[in-house]
Amino acid sequence: MAEKITIGELHLSGCTGCLVTLADNYEGLFKLLDDYADLVYALTLVDVRHVPEMDVCLVEGSCCLDDKLSVEELKEARAKSKVLVAYGGCAAYGNITRFCRGGQWNQPGHASYVPISEVVDVDLFLPSCPPCPQAIRNVAVMAYLLLKGDDEQKKLATAYLTPLMQLAQRGNEACGCDLMYDVINQGLCIGCGTCAGTCPVRAITMEYGRPNINRDLCIKCGACYAQCPRSWFNFDVMNNYESIMNVIKGAME
Amino acid sequence: MSKVVEISPTTRHEGHSKLVLKVNDEGIIERGDWLSITPVRGVEKLAIGKTMEQVPKIASRVCGICPIAHTLAGVEAMEASIGCEVPEDAKLLRYILQCANRMHSHALHNILSLPDMHIPGTDTKINPFSREEPVRSAALRIQRLREIAQTIGEIVGGEAIHPSNPRVGGMYTNITPRAKAKIYDLAKEGRVLAQDHMEFMISVFKDFQRRGTTVVGGVDVPIPDDFGYHNQGYMATAPVYGSSSLDENPTWYPDRFTEVRPWDWYMGEMEVSEADPNYPIGGTTPVGTKTWPQMEACTGVPLYDGQPVEVGPRARLVQFRNYDGRGAMGLQIARQMEFPETMYGIIDAVDALNTSGSVLADEIPQGDGSLGWAANEAPRGTDVHLTRVKDGRVQYFSMLVPTTWNFPTCSRALTGAPWRIAEVIVRAYDPCVSCATHMLVVDEEKRLVAQKLIQ
Amino acid sequence: MDVLGNYKSVISARSTDRDILKKAQDGGIITTLFAYALEEGIIDGAVVAGPSDEPWRPKPMVVSTKAELLAAAGTRYTISPNISLIKEATRSYGLDRVGIVGTPCQIQAIRKAQLYPIGMRDVDDKIALALGIFCMENLSYQALEAIVEDHCNQKMESVKKMDIGKGKFTVYTERGAVSQMPLKLIHKYVQPGCNVCLDYVANLADISSGSVGSPDGWSTVFVRSMKGNAVWDGAIEAGLFETKPMDQVKPGLDMVKKLSTDKITKNQKNVDARKTAGLRADGTPKGLRNPYESP
Ligand SMILES: Cc1cc2nc3c(=O)[nH]c(=O)nc-3n(C[C@H](O)[C@H](O)[C@H](O)COP(=O)(O)OP(=O)(O)OC[C@H]3O[C@@H](n4cnc5c(N)ncnc54)[C@H](O)[C@@H]3O)c2cc1C
Ligand code: SF4
Ligand code: SF4
Ligand code: SF4
Ligand code: SF4
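Protein chains in written order, with the working numbering: chain A, 1278 to 1530; chain D, 1002 to 1456; chain U, 496 to 790.
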């Protein structure tokens, strides 16, 4: 077996739910760490105190511009990692920190929070609040194949990761309203209901075949849009869903 | 002359925090400050003007380790403010969620604590990710316990981490008989595993307290008998669930609560005068660095009856079960002792649940601005949310979260310990920091709170 | 991939269960397969388009008995957001093995949710059987109302069955009346999203089925995945279907291929046309979003 890749997690202004998600692969977490990836950084799980060099850096949480350390660590993580992932709604889109307005003791000056792509270039988005254990598992396996696999495996991994990389290029503003702007308004909605099933705060109901977004509930996690089959749908990858899922399953056995 | 050591950031807990320690020539802590340096997202302030439905969902996202506590405290504070009684079956579902979250969180806490501990009877420290036995079996058991708990949480709460099913007035949906049967099966498996796991963990923590010394960064460090002792009081509202201002006999008393700012409590500006580059991993802060806890702390200092108090497993056991284990390991052991109750609690609640019962109040008032509070016994201790809701919108919101209570208490518990094992105390007290960046009831508001509730 | 997608076999079939045939749209394939899968423990429940308060307006529903399946049998030619329940089916419903029926686009949504579970935690390996139904286009509820009440001149409440076939939309009422309108006229009512749909026969389902290609009362069945194959073989062995080889039925597979090719060709044109749907100030074209290229 090829050597492992190195993965780290930088915790910025998030809630650690994203990290718990990684741990929620349960037995699979050990499989990942035994065979594919060394966890070289994550203050909550390992003792390493300062940002090291790593292949893949998962960034959890948005970046508080009023906290020098956060900005510095984020820049350092960018400089020291090959692939930087906005891991979760906060890092990718701001999520609940979009609502921040400061004014709270003991640091009333902490008022400006931005998605990490305002500060550094981000290679890949993994939205939702939190993302799913299976999503981070898939990305970890694919990152391993991308960095350590043979040509065939690299091709597969590239195909798989491309939409998530494109998502990072799309922008860092997300809201249930995206379903209106970029799906319904664009004449693309098919009323499948995926968005309503996805939303982690039950902000979406289906009314006569179209999503209705309760904007007083939406936390701006970006899950609904990213999960919608009409936000992106890549036939190259999807037509091989069975074999790709088998590759991932096989890797985890 | 005492020297100043700083460990920043501390590791193996959630969020960002640091330790600023005044130590004597033997390296024993004379005074320690443990403080959060996690940016303050300001949930109390961003909540204002938002709907009473949304604020608990946001509050949940304060912490991904005890999100259920924040969701439930948030939802129930809203219900307390608007005066809404929720149906019995909704309460049972919430109780199941509460137990499931405690199980998962305690088990996760074990993974974070284990690396300081030794395989009993050996000098080998435990790396929970190692493939070696007996570590791997214990680690897999932890993951299985977490899987059981998270799965139960997911069935009842809709999502395993931030639950989506609880809402003001009850729950969005009851569960089906099939789901009920599934929960039974899981909890029954969990009950057996939890017992084994509790025994294993207690033996590991007892071993640490007995061994006399432990090696940190190549240095042999003595473990004092009174490791992590403090003389502060305890605060808990219930063995498992909590209390609210809707209760006939509430068990939390807002008028006994006061708060000081870090300025009055933490140490002033200092310069680091001792450092150890071999301290794992990455060393302590270099000599000459300025440090200023008063200015840097991100939390206030809450007092109960004028004193910092401990909240959490031991506080609950002291208050309701006559527990008397002291120190850092006494706290760790108390946490393990809570394992079995979580599964029994789920089994009892599922027994009582009527799957065809209504789980949403018939009428949900929109609120007239009255103050309501709800205290929830989160894995790490009492989590109180206070709010005023008017016409469905939040006018005032405050969160007195577990770690904020424990910061000053744990700081006191550092005194007398060798600085190299200070983090072991921190990890025993509380691995959960980012929630603690949210609270502060300024004095004036506090008086309002107290007055209103006394009336 | 070819216009009919990957498949292991294609057969013409009809359920041997008379109760099902009475309620089903065509050969009762979907209802029979779910009933079988429930019986065998292959699924614990299925997400189907169940009845709602309004006539002919489907409501996604999790069912776990044959009686409930029968109540949801038959085609409603309007949107039923079935995917909205796949996560919840594994939560408060307590299912570990979920069956789901959907139009081709809904099956696409399922596969995306399995391969890229962005907000679909613990769902991927619980999808035990995804059955697809062929689909040329779909209608909003209001459009269906207009077709039935205005064009076909029948009350929604009194309609017993609706069907599409031989170029016509046909409505049968409880009292025995039959009204038709030419399919051509329907196009203006089709939901816009269908105009860029590139799948007719649910290429990504485990098993997919529709009436096209087979005689009245029979269905054309594509068995596609490993999972689908196992379920189909089991159902055949249990004697749940009468079957005929595709090359012995009329109009046969060529008809399916023709309609599929027509749909995909037409819609691919629509997709391409989006690239140049608008105009920039400098005279160059301005495009609309293409979901098959990037988000
Ligand atoms: C909008 C639409 C367009 C169609 N177009 C064609 C076509 O062009 N050519 C063709 O051959 N077949 C088409 N079909 C499929 C066909 O009408 C039958 O549904 C299919 O042949 C299955 O019949 P059956 O007797 O095997 O299934 P049955 O046993 O009757 O079961 C049908 C199942 O589909 C579910 N269902 C009903 N309506 C919907 C809906 N709107 N969305 C999702 N699920 C639903 C029901 O709940 C039931 O479980 C279309 C179906 C729909 C919904
Ligand atoms: S995305 Fe959600 S789970 Fe992740 S850090 Fe943000 S609030 Fe927490
Ligand atoms: S509607 Fe729901 S899924 Fe979509 S961005 Fe808002 S919170 Fe996230
Ligand atoms: S997920 Fe489905 S229903 Fe929701 S916007 Fe996308 S296409 Fe429409
Ligand atoms: S035509 Fe395509 S997009 Fe429209 S409902 Fe049918 S499968 Fe879905």
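Don't be surprised by glycine CBs; every beta carbon is placed ideally from N, CA and C. Small disclaimer: the values here were computed from a predicted structure and weren't measured.
Residue pairing of Ile1029(D) in beta bridges, as defined by DSSP: Pro1419(D). A Cβ of chain A is located within less than 8 Å of the beta carbon of Gly614(U).
Contact annotation: the region 1087-1104 of chain D does not touch the region 1316-1336 of chain A, with fewer than three C-beta pairs closer than 8 Å. According to the DSSP assignment, Gly723(U) belongs to no beta strand (DSSP E) but to the alpha helix (DSSP H) extending over 721-732. Among the CB atoms of chain A, one or more fall inside 8 Å of the CB of Ala608(U). The beta carbon of Val1169(D) sits no closer than 8 Å to any beta carbon of chain A.
In this structure, the beta-carbon distance from Gly1158(D) to Ile1282(D) does not fall below 8 Å. Think of a sphere of 7 Å around the beta carbon of Tyr588(U): the chain D residues whose beta carbon falls inside it are Thr1177, Arg1179, Ala1180, in chain order. Going by beta carbons, Val1425(D) and Asp1117(D) fall inside the 8 Å limit. Residue-level contact by beta carbon holds for Asp539(U) and chain D, with a gap shorter than 8 Å. Note on geometry: alpha-carbon atoms of Glu669(U) and Pro550(U) lie some 13 Å from one another. Contact annotation: the region 599-616 of chain U does not touch the region 1487-1497 of chain A, with fewer than three C-beta pairs closer than 8 Å.
For Glu1304(A), the nearest beta carbon of chain D is closer than 8 Å to its own beta carbon.
Pro1440, Leu1441, Gln1443, Leu1444, Gln1446, Arg1447: these are the residues of the region 1440-1456 of chain A whose beta carbon lies less than 9 Å from some beta carbon of chain U, given in chain order. The beta-carbon distance between Ile1282(A) and Val1333(A), rounded to whole angstroms, is 6 Å. This is short enough to meet the 8 Å contact definition. Only buried fits Ser1394(A), as 16 or more other CB atoms lie within 10 angstroms of its CB. Straight across, the Cα-Cα distance linking Thr1471(A) with Pro1164(D) is about 19 Å.
Interface flag for Arg571(U) against chain A is unset, since no Cβ pair is found closer than 8 Å.
Looking from the CA of Glu737(U), the closest CA among Ser507(U), Ala768(U), Asp497(U) belongs to Ser507(U). By the C-beta criterion, the region 1143-1155 of chain D is judged not to be in contact with the region 1040-1060 of chain D, since fewer than 3 inter-stretch pairs fall below 8 Å. Spatial neighbours of Val718(U) in its own chain (CB-CB distance under 7 Å, excluding positions within 5 residues in sequence) are listed in chain order as Tyr502, Lys503, Ser504, Ile702, Asn724, Trp727. The residue among Ser1520(A), Glu1530(A), Ser1347(A) with its C-alpha nearest the C-alpha of Tyr1390(A) is Ser1347(A).
Just so you know, the alpha carbons of Pro786(U) and Asn1415(A) end up roughly 22 Å apart. Exposed is the label assigned to Glu1484(A), since fewer than 16 other Cβ atoms lie within 10 Å of its Cβ.
Thr1298(A) carries a helical assignment under DSSP once its states are collapsed to helix, strand and coil.
Between the alpha carbons of Ile1112(D) and Glu1200(D) lies a distance of about 15 Å.
Residue ranges of uninterrupted alpha helix (DSSP H) with 4 or more members, entirely inside the region 1381-1419 of chain D and ordered along the chain, are 1403-1414. For the options Val618(U), Asp620(U), Ile613(U), the alpha carbon positioned closest to that of Cys1501(A) is the one of Ile613(U). For the set Tyr1370(A), Phe1376(A), Asp1513(A), Leu1361(A), the Cα lying nearest the Cα of Arg606(U) is the one of Asp1513(A). The beta carbon of Gly1365(A) lies closer than 6 Å to those of Cys1295, Glu1337, Pro1407, Pro1408 in the same chain, with the five residues before and after it left out. Counting only Cβ-Cβ distances below 9 Å, Asp619(U) has no contacts in chain D at all, with the closest Cβ about 14 Å away. Taking non-hydrogen atoms of ligand 4 into account, the C-beta of Arg1507(A) is found less than 7 Å away from one of them. Along the region 1126-1158 of chain D, the positions whose C-beta sits under 8 Å from a C-beta of chain A are Phe1130, Arg1132, Arg1137, Ala1140, Leu1141, Gln1144, Arg1145, Arg1147, Glu1148, Gln1151, read in chain order.
With a threshold of 8 Å between beta carbons, Ile581(U) makes contact with chain A. Sequence-distant Cβ neighbours of Pro677(U) in its own chain, meaning closer than 7 Å and more than five residues away, are Gly662, Lys663. For the pair Met1338(D) and Gln1295(D), the CB atoms are not nearer than the 8 Å cut-off.
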